Amino acid sequence: MPLPLNPDMARTFPPPVMEARRWLDGVTFPPDRPLINVSQAAPMEPPPEGLRQALAEAAINDPAAHLYGPVLGLPALRAEVAAQWSAAYGGEIAAAEVAITQGCNQAFSAVMATIARAGDEVILPTPWYFNHKMWLDMQGIAAVPLPTGPGLIPEAEATARLVTERTRAIVLVTPNNPGGVEYPAATLRAFYELAQARGIALILDETYRDFDSRAGAPHDLFADPDWRGTLVHLYSFSKAYRLTGHRVGAIVADRARLAEVEKFLDTVAICPSQLGQIGALWGMRNLGQWVAGERAEILARRAAMTAGIARLEGWRLLGCGAFFAYVEHPCPVAAPELAQRLVREAGVLLLPGTMFMPEGDPAGARQLRIAFANVGVAGVDALIDRLAAFRA
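Just so it is clear: in the sequence shown, position 331 is 331 by the UniProt record's numbering, and no numbers are missing.
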């Protein structure tokens with residue numbers, strides 16, 4: 001007799017990127033038409049040599065790099081984040097208001113564990129980041145969808161009508177995954193004021209902040225002396241410094257919440273990766289110009305994607321920015337079938353919009369996410385050519 005499964009775990013869907021990879025089973029790609037993989041937003045190359053040398057030196061010469069460290073992260077890295085974020089956002093953030101985690105997904109899970117429990121509600125704009133939805137499902141927390149419309153920008157006024165006595169938080173991702181859009185500062189301010197007025201948390205995931213196309217701070221929320229108790233900021237070092245395999249993320253929140261986060265992290269992981277933190281700190285101190293070059297390259301790919309989609313008959317670009325383009329396709333088949341056919345018939349792996357939308361939402365069947373950061377400008381052009389040649 002099989003052991004019973006946790007019904008909340010069983011209720012959520014399989015990891016979408018892993019599901020998409022299974023579509024590759026048994027499919028071969030000729031040398032003159034290799035697979036174009038735009039399914040996952042992850043740098044495909046290792047960190048720059050200087051950062052790798054810093055990791056190697058620490059691994060060989062720093063015995064502490066192989067031991068348990070502080071649960072909330074290395075003090076030097078927490079202080080560096082606090083100093084750089086204070087300068088960037090025009091506010092005051094203390095090192096004690098920063099925690100380091102094993103990636104941004106763990107940051108989200110840790111924060112949410114301090115905010116909501118089974119039976120509570122959390123508002124997620126749609127299309128949503130699927131791992132956020134999965135975590136809420138697995139905890140028995142209701143994910144309340146907030147439609148964003150054709151512009152993919154959520155509205156605080158519409159959100160206010162969804163807040164109930166069970167609502168514990170609103171989650172925003174900007175630049176957005178999967179939509180690519182950059183939320184205006186006024187939008188973030190409106191959501192902050194809504195959360196503050198209703199006594200709920202505003203979770204602001206800025207994993208892709210280093211690739212925002214705008215100059216200056218994307219918002220002024222940290223400049224508000226009352227940000228503590230309402231605003232919780234999430235970040236990942238994976239994208240800017242190519243540290244995906246080292247799993248390093250961050251939380252900025254008030255000290256009382258981080259005291260609760262510490263309980264979660266100590267139980268789940270004890271401490272974040274020491275080597276990953278050493279790499280993140282070295283990157284923050286030494287790679288400013290290099291990251292600026294990475295940003296310029298991503299913006300070039302974004303421009304190529306915008307121009308490319310414009311020349312595809314019947315296709316519509318809903319959002320484009322950071323690592324993503326979110327598009328509406330004109331094909332007569334639904335997005336899940338289309339995505340699998342693109343693997344077999346065009347050598348393209350991408351994700352259908354149904355992976356980012358509530359079950360049964362018809363909009364997802366017309367949408368696709370393209371993670372163009374995985375390919376250069378030439379790769380974007382090749383992708384557009386294959387989409388143009390595809391016949392559904």
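Ideal Cβ placement from N, Cα and C applies to all residues, glycine included.
From a predicted model like this one, the values you see are computed outputs, not experimental measurements.
### Task
May I ask which residues mark the beginning and end of the alpha helix (DSSP H) holding Gly-180?
Reading the sequence shown from its first residue, position 180 is the one you call residue 180. Membership of Gly-180 in any alpha helix (DSSP H) is not indicated, and neither H nor E is assigned to it by DSSP.
### Task
Assuming Phe-237 and Val-248 form a contact by the criterion Cβ under 8 Å, report the distance between their Cβ atoms to the nearest whole angstrom.
For the purposes of this step, residue 237 is taken as residue 237 along the sequence shown, with counting starting at 1. For the purposes of this step, residue 248 is taken as residue 248 along the sequence shown, with counting starting at 1. Indeed they touch by this definition, with Cβ atoms about 4 Å apart.
### Task
Report buried or exposed for Val-27, applying the criterion of at least 16 other Cβ atoms within 10 angstroms of its Cβ.
Here residue 27 refers to the residue found at position 27 when the sequence shown is read from its first residue. Val-27 is exposed by the Cβ-count criterion.
#### Entry: Start and end residues, beta strand (DSSP E) containing His-233
In the sequence shown, the residue the question calls residue 233 occupies position 233. Counting along the chain, the beta strand (DSSP E) containing His-233 begins and ends at 231 to 236.
### Message
Distance check for Thr-306 and Ala-250, CA to CA, integer angstroms please.
### Response
If you number the sequence shown from 1, residue 250 lands on position 250. If you number the sequence shown from 1, residue 306 lands on position 306. So the alpha carbons of these two residues sit roughly 31 Å apart.
### Query
Can you name the residues that DSSP bridges to Leu-351?
Within the sequence shown, the letter at position 351 stands for residue 351. Under DSSP, the beta-bridge partners assigned to Leu-351 are Arg-369.
### Message
Just to check my reading of the structure: Ala-113 and Thr-101 have Cβ atoms closer than 8 Å, yes? What is that Cβ distance to the nearest angstrom?
### Response
Within the sequence shown, residue 113 is the residue found at index 113, counting from 1. Within the sequence shown, residue 101 is the residue found at index 101, counting from 1. Rounded, the Cβ-Cβ distance is 12 Å, inconsistent with contact.
#### Entry: Residue range of the unbroken alpha helix (DSSP H) whose run includes Thr-267
Here residue 267 refers to the residue found at position 267 when the sequence shown is read from its first residue. 255 to 268 is the span of the alpha helix (DSSP H), which, as asked, contains Thr-267.
### Task
Please state if the CB of Ile-203 and the CB of Thr-167 are separated by a distance shorter than 9 Å.
Here residue 167 is taken as the residue at index 167 of the sequence shown, counted from 1. Here residue 203 is taken as the residue at index 203 of the sequence shown, counted from 1. The answer is no: Cβ separation not under 9 Å.
### Query
Just the Cα atoms here: how many angstroms apart are Pro-75 and Lys-239?
Taking the sequence shown and counting its residues from 1, one reaches residue 75 at position 75. Taking the sequence shown and counting its residues from 1, one reaches residue 239 at position 239. Approximately 22 Å, taken between the alpha carbons.
### Query
Got a sec, what are the start and stop residues for the alpha helix (DSSP H) Leu-383 sits in?
By 1-based counting over the sequence shown, the position of residue 383 is 383. Going by DSSP, Leu-383 is part of the alpha helix (DSSP H) stretching over 377 to 389.
### Query
So, helix, strand or coil for Pro-125, using DSSP?
By one-based count along the sequence shown, residue 125 stands at place 125. Correct three-state label for Pro-125: strand.
### Query
To which residues of the same chain is Pro-125 closer than 6 Å at the C-beta, ignoring the five residues directly before and after it?
What you label residue 125 is simply residue 125 of the sequence shown in a count that begins at 1. Here the set comprises Leu-146, Thr-148, Pro-154.
### Closest Cα partner of Pro-63 within the set Ala-373, Pro-336, Gln-274, Glu-182
For the purposes of this step, residue 63 is taken as residue 63 along the sequence shown, with counting starting at 1. Minimum Cα distance to Pro-63 is reached at Gln-274.
### Task
In angstroms with no decimal places, state the Cα-to-Cα distance between Ala-169 and Ile-141.
Counting from one through the sequence shown, the residue named residue 169 turns up at place 169. Counting from one through the sequence shown, the residue named residue 141 turns up at place 141. Rounded to the nearest whole angstrom, the C-alpha separation of Ala-169 and Ile-141 is 11 Å.
### Message
Can you tell me whether Thr-207 is helix, strand or coil according to DSSP?
### Response
For this step, residue 207 is matched to residue 207 along the sequence shown. The DSSP-derived three-state label of Thr-207 is coil.
### Task
Could you pull out every residue in the same chain whose Cβ sits closer than 6 Å to the Cβ of Glu-121, ignoring the five residues on either side in sequence?
For the purposes of this step, residue 121 is taken as residue 121 along the sequence shown, with counting starting at 1. Sequence-distant Cβ neighbours of Glu-121 in its own chain, meaning closer than 6 Å and more than five residues away, are Ala-142, Val-144, Arg-166, Thr-167.
### Straight-line Cα distance separating Gly-180 from Thr-174
Locating residue 174 in the sequence shown gives position 174, where the first residue counts as 1. Locating residue 180 in the sequence shown gives position 180, where the first residue counts as 1. Taking the straight line joining both Cα atoms gives about 8 Å.
### Message
Under DSSP, the alpha helix (DSSP H) around Tyr-192 begins and ends at which residues?
### Response
As a working note, residue 192 is residue 192 in the sequence shown. Here the alpha helix (DSSP H) through Tyr-192 covers 185 to 198.
### Query
How big is the Cα-Cα spacing for Gly-91 and Ala-300?
To locate residue 91, count along the sequence shown from 1; it is residue 91. To locate residue 300, count along the sequence shown from 1; it is residue 300. Between Gly-91 and Ala-300, the alpha-carbon positions lie close to 31 Å from each other.
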